[in-house]
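Heads up: the structure comes next, in structure tokens.
Number of protein chains: 2
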Amino acid sequence: MLLHTIKEVREQVKQWKKEGLTVGLVPTMGALHEGHLSLIQKAVSQCDKVVVSIFVNPIQFCPGEDLDKYPRTLEADTKLCQDAGVSVVFAPTPAEMYGEREMRTNDFLTYVIPPFFHVHKLCGKSRVGHFDGVCTVVNKLFNIVQADRAYFGEKDAQQLSIIRKMVEDLNIPIEIVPCPIIREESGLALSSRNKYLSAEDKVHALALYQILNNIKLCYKKGVTDVQALKETAIFILNEHHDLEYLEFLDDKDLEEVTEANDNTRVFIACKVGGVRLIDNMLLG
Amino acid sequence: MLLHTIKEVREQVKQWKKEGLTVGLVPTMGALHEGHLSLIQKAVSQCDKVVVSIFVNPIQFCPGEDLDKYPRTLEADTKLCQDAGVSVVFAPTPAEMYGEREMRTNDFLTYVIPPFFHVHKLCGKSRVGHFDGVCTVVNKLFNIVQADRAYFGEKDAQQLSIIRKMVEDLNIPIEIVPCPIIREESGLALSSRNKYLSAEDKVHALALYQILNNIKLCYKKGVTDVQALKETAIFILNEHHDLEYLEFLDDKDLEEVTEANDNTRVFIACKVGGVRLIDNMLLG
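Spelled out as structure tokens, the structure:
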């Protein structure tokens, strides 16, 4: 069932709750791929009813980012959801989610702002305001759907960590279920932005996974010094790669580490052919 | 029943919801007076079960404000609630509401930040960060209690307006019930801070109500020019009054007006004997 208004979703969920059914939410921006599908399948297996939200959230795009050209494939997305056993696809318009004044300038909107400590590193450094937009829309979706569980991919590990922190800090009554990264056979992490990559770019894009794999291999062989582990990346990067960051952080609270351990997650962001790609891997 | 932990409150409310009972929430900072009592009585009359939260929220006090000397009268408050038919008094410690790191610096806490437009006027101008703290704790309380309705006094009209905006912007599933200002026979609006006033201060404090009353009278007689209405206050103020603001705003969205109408609310803040007092009145 494809619904476009908050009111309709609320009424549907209210009905389910009356019947004592559990509800899962998979928040997405559409352009669904196997990565999203794995979240949806997990949700369908754990909940009586599943809502997939499809909303390209304008307030999480920074100036100069790809809001307008972000892929929109609602028809195919809806079909994928239906086939996977999803009960409701919630695809609101920006006007349904935000008032007119609230969209024109951010002076008029209540924001949910994640902690400086969690935001001002990794993607948050270059994407100023991005996680404010993410937390605000996810908070709204949580309040609209009032699901028992929400599913997020580990692909966006900083986002996952920030959302868990938001849930904890604001005592939001929902369980966050993390889902592992899905990769192509080549190792490339699935992403809606992979559509922008040429065949040649795709080959160069493998560097991200290779770097992470290589680091994990070295760690397993006993190297724990983060500087030494970082340097292993140099041999994989070349002129096709515009490295933004390669960071080693504690998986739970995103604190920087200098000695790697099993709870260390390695984060990488790199532009390939003008497309910004991210990936990450837990060392333990 | 006096509860101190989030877990206990959640379990109690869950039980009520299972039984199909409606729940009302009255968020307070304690030091309960007849004003709070009127909120509680309204809640008791409209809901099957009522939770009164008593929490002097550290993050809504600005540096130099009266956090430490803010009156704390839990025993008397609990008795007042019991007598009024309240089911649960929820009195958490700061540590129960915030983590240790989150209290030390605000770099580690997820905040709910109300719109600049609604905040940067009236009390928000002098109390920087105050409404961030209010919205964050109220959001937490809403998530903890998951009440059907929450009760707020019109005494803090800017706060009420900001909370309504937060509920609308974040799609929070709760009904906000406004409650009229309760006054002493003299006209002085009830406030926990009135305890700081000497007998003489209390006489001077009447100016706030007199000014508002006078303005309303003039408006009813046909004066709508805000500048002219403001000037009527001059004759009431004297050296015992330190006026902070006297503003005419639209009641719903706090937009400034120059011509008064029935939807105009007049807001006043004034220090008397070093105690900061606020009051307000709708002209219509």
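So the sequences go chain by chain: U and H. The numbering of the first sequence is my numbering, which starts it at -14 and goes up by one. The numbering of the second sequence is my numbering, which starts it at -14 and goes up by one. C-beta: ideal position from N, C-alpha, C; glycine also.
Legend: CB atoms of the segment 149 to 169 of chain H lying less than 7 Å from CB atoms of chain U belong to residues Lys150, Met151, Asp154, Leu155, Asn156, Ile157 and Pro158. With a 10 Å radius around the Cβ and a threshold of 16 neighbouring Cβ atoms, H:Arg250 comes out buried.
As DSSP reads the structure, H:Phe137 sits in a beta bridge with H:Pro163.
Spanning the alpha carbons of U:Thr58 and U:Ala16 requires a straight line of approximately 5 Å. Annotation: H:Arg149 is outside any beta strand (DSSP E); the continuous alpha helix (DSSP H) that includes it extends over Ala142 to Asp154.
Listed as beta-bridge partners of H:Cys32 by DSSP are no residues whatsoever. A direct Cα-to-Cα measurement between U:Glu169 and U:Leu65 gives close to 19 Å. H:Phe101 belongs to the set of residues whose beta carbon lies under 8 Å from a beta carbon in chain U. Among the CB atoms of chain H, none fall inside 8 Å of the CB of U:Glu(-7). Between H:Phe137 and H:Ile161, the C-beta spacing is below 8 Å.
The beta-carbon of U:Phe116 is placed no less than 8 Å from the nearest beta-carbon of chain H. Contact check for H:Gln144 against H:Val119 passes: the beta carbons are separated by less than 8 Å. One Cα belongs to U:Val104, the other to U:Gln45, and the distance between them is close to 13 Å. In the DSSP assignment, H:Arg86 is bridged to no other residue. Residues of the segment 109 to 136 of chain U with a C-beta less than 8 Å from any C-beta of chain H: Cys120, Thr121, Asn124, Lys125, Asn128, Ile129 and Gln131, listed in chain order.
When 8 Å is used as the limit between beta carbons, U:Leu94 is near these residues of chain H: Pro100 and Asp154, in chain order.
For U:Val104, DSSP assigns no beta-bridge partner whatsoever.
Contact between H:Val113 and U:Thr95 is ruled out by a C-beta separation of about 17 Å, above the 8 Å threshold. With fewer than 16 other CB atoms across the displayed protein chains lying within 10 angstroms of its CB, U:Ala61 is exposed. As a beta-bridge residue in DSSP terms, U:Gly9 pairs with U:Val35 and U:Arg134.
H:Phe220 is bridged by DSSP to nothing; it lacks a bridge partner. Within 9 Å of the CB of H:Val97, the CB atoms of chain U belong to Thr95, Tyr96, Val97, Ile98, Asn124 and Leu155, in sequence order along the chain. Among the residues of chain H, those whose CB is under 9 Å from the CB of U:Glu87 are Pro100 and Asp154, following chain order.
Judged by DSSP secondary structure, U:Cys66 falls within the alpha helix (DSSP H) whose first and last residues are Leu59 to Asp68. In the DSSP assignment, the residues bridged to H:Phe233 are H:Val251. With respect to the 8 Å criterion, U:Glu4 and U:Ile167 are not classified as neighbours on the basis of their beta carbons.
DSSP links U:Ala174 through a beta bridge to U:Arg168.
Separation of H:His226 and H:Leu197 (C-alpha to C-alpha, rounded to the nearest whole angstrom) is 15 Å.
Taking each of U:Gln(-3), U:Phe75 and U:Leu10 in turn and checking the Cα distance to U:Cys32, the smallest one comes out for U:Leu10.
Within 10 angstroms of the beta-carbon of U:Asn223 lie fewer than 16 other beta-carbons, which makes it exposed. Taking a cut-off of 8 Å on C-beta distances, the segment 126 to 133 of chain H does not touch the segment 181 to 193 of chain H, as fewer than three cross pairs fall below it. Take the alpha-carbon of H:Glu244 and the one of H:Asp210: they are about 5 Å apart. When DSSP states are grouped into helix, strand and coil, H:Phe93 belongs to the helix group. By the neighbour-count criterion, in which a residue is buried when 16 or more other Cβ atoms sit within 10 angstroms of its Cβ, H:Leu202 is exposed.
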